[in-house]
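J.: In my numbering, the protein residues as written are 471 to 955. Quick reminder that beta carbons are idealized off the backbone N, C-alpha and C, glycines included. My questions all concern the structure below.
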């Protein structure tokens with residue numbers, strides 16, 4: 471079995487095996503004509519269940535053949551221009567190359583003696599991102615597994631910086647976190663994980679553009695103060711998951727300064743604007759944040775996972791620091807040995823930073839920004855198409871690259887029936903494999919969602935998928951009328 475270990479004696483076998491795998495994937499990408507086959511759980515599950523994992527095939531080609539049957543053939547391919555559902559981007563080739571390198575070398579980014587140059591590359595990318603945000607010379611941060619972990623760590627730091635937890639007794643019940651009603655669910659999940667009460671997250675209403683209402687935020691902060699509670703943090707969102715909306719960051723920053731609240735900006739989606747050639751001003755005010763979440767695996771076109779949490783004051787990262795004699799003893803700090811585990815909630819951690827490093831060194835930041843600007847422009851085209859189409863109602867003009875809309879039949883007025891028609895259209899479209907779209911609720915009603923992150927998607931693709939949605943919805947309504955008659 472030693473012949474399977476990657477080392478100096480098996481380098482040629484490694485080259486052959488990986489090349490064969492790459493060729494299979496490349497062939498699949500080249501011939502995929504729709505984002506999904508429409509396979510059902512009931513059809514796919516038995517194929518996987520019947521594989522006896524205790525009886526290996528002992529042959530790479532045979533395993534790749536099997537993988538074709540259980541995964542590659544029916545995978546959902548984000549690179550296809552009619553994948554329009556979630557915040558999944560097509561990935562750039564330099565990043566995929568970086569993924570291959572980091573997996574083979576297998577550095578662990580927790581300590582210097584497991585990563586060496588990997589540590590310095592990650593730190594340089596953190597500095598680069600902070601420079602793009604404008605957090606200042608004392609800024610720092612660390613790569614994470616994704617936006618949820620980044621938000622959790624940011625709120626951990628905010629909790630520890632809040633005054634009540636530094637006073638005698640348990641005052642955590644006094645802490646409050648403010649976030650818009652369309653903020654990411656990880657804010658509430660983080661509050662629970664941090665031991666805060668069920669009422670700790672105060673939901674702030676949004677305006678017609680799905681942006682946090684700062685007047686309502688001000689009223690809630692004042693109420694918090696009157697009630698003897700502590701405004702631990704305000705979470706502003708720069709790119710909400712459902713609408714791509716960007717909260718009014720400058721006004722929120724002013725309120726945070728006034729009431730002494732930590733300002734966290736969840737820019738997991740909107741961080742692509744940091745490289746934008748023409749839309750960077752949409753992030754005005756982000757430079758005043760105490761912490762920022764960025765997901766490079768959304769709008770930087772990186773493979774999952776690639777995220778980071780950035781902080782204005784590097785000293786606040788001490789709240790995540792623990793020292794273990796076997797790993798990062800305190801003496802290493804005095805010896806100026808850089809250990810990233812000192813900043814991270816994770817211990818063993820992949821060298822995900824290499825993917826972004828390769829991307830910047832091959833394409834440059836402007837290249838990333840150009841791609842993200844393309845999808846933002848496409849969203850504007852799509853919005854104009856939907857606004858002009860009497861079959862649909864669109865919720866809000868896009869700030870980034872998301873469109874939320876609803877099929878509205880001319881002959882049906884029952885909102886519940888319209889809900890069912892939209893739900894049916896989404897499911898039928900997915901089952902056909904012709905396109906993949908997402909769904910959400912707005913005002914208690916069911917809506918559909920395009921998340922446009924593929925520069926290869928065109929306005930013609932959007933128009934074609936709209937026609938498919940309308941066709942499925944009309945089919946459902948026609949069958950519904952037949953059943954009722």
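#1: Could you tell me whether the Cβ atoms of residue 927 and residue 551 are closer together than 9 Å?
#2: Kindly confirm or deny that the segment 873-889 and the segment 914-922 touch, where touching means at least three C-beta pairs closer than 8 Å.
#3: Taking the alpha carbon of residue 881 as the reference point, which residue from 861, 622, 871 has its own alpha carbon closest?
#4: Whole angstroms is fine: what's the gap from residue 949's alpha carbon to residue 896's?
#5: Tell me, which residues are paired with residue 716 by DSSP?
#6: Please state whether the Cβ-Cβ distance between residue 743 and residue 778 is less than 9 Å.
#7: Taking only runs that begin and end inside the segment 750-778, name each unbroken beta strand (DSSP E) of 3 or more residues, in chain order.
#8: For residue 571, which of 848, 875, 561, 820 has the nearest alpha-carbon?
#9: Going straight from the alpha carbon of residue 937 to that of residue 623, what length do you get?
#10: On the three-state DSSP scale, how would you describe residue 685?
#11: Evaluate the contact criterion for the segment 576-586 versus the segment 722-738: three or more CB pairs, one atom per stretch, below 8 Å.
#12: May I ask you to report which of helix, strand or coil DSSP gives residue 636?
#13: Check each candidate in 846, 889, 589 and name the one with the smallest Cα separation from residue 807.
#14: For residue 745 and residue 840, I'd like the C-alpha separation in whole angstroms.
#15: Grab me the residues of residue 490's own chain with a C-beta within less than 8 Å of its C-beta, minus the 5 sequence neighbours each way, in chain order.
#16: Do you know how far the Cα of residue 942 is from the Cα of residue 761?
#17: In whole angstroms, give me the CA-to-CA distance for residue 636 and residue 630.
#18: Rounded to a whole number of angstroms, what is the C-alpha to C-alpha distance between residue 855 and residue 553?
#19: Only counting the same chain, and skipping five residues up and downstream in sequence, which positions put a Cβ closer than 6 Å to that of residue 838?
#20: Tell me whether residue 836 sits in a helix, a strand or coil according to DSSP, three-state version.
#21: Could you check the C-alpha separation between residue 486 and residue 474 for me, to the nearest Å?
#22: What does the alpha-carbon distance come out to for the pair residue 924 and residue 642?
#23: Out of 920, 902, 692, 557, state which residue places its alpha-carbon closest to the alpha-carbon of residue 875.
T.: On the basis of the supplied data:
#1: yes
#2: yes
#3: 861
#4: 16 Å
#5: 708
#6: no
#7: 761-765
#8: 820
#9: 43 Å
#10: helix
#11: no
#12: In this predicted model, residue 636 has a pLDDT of only 49, less than 50, meaning its place in the structure is not dependable enough to derive any value.
#13: 589
#14: 8 Å
#15: 530, 531, 534
#16: 44 Å
#17: Low confidence applies to residue 636: its pLDDT is 49, below 50, so where it sits in the model is not reliable, and the reading given next is rough at best. Computed Cα separation, rounded: 8 Å.
#18: 18 Å
#19: 745, 770
#20: helix
#21: 12 Å
#22: 43 Å
#23: 920
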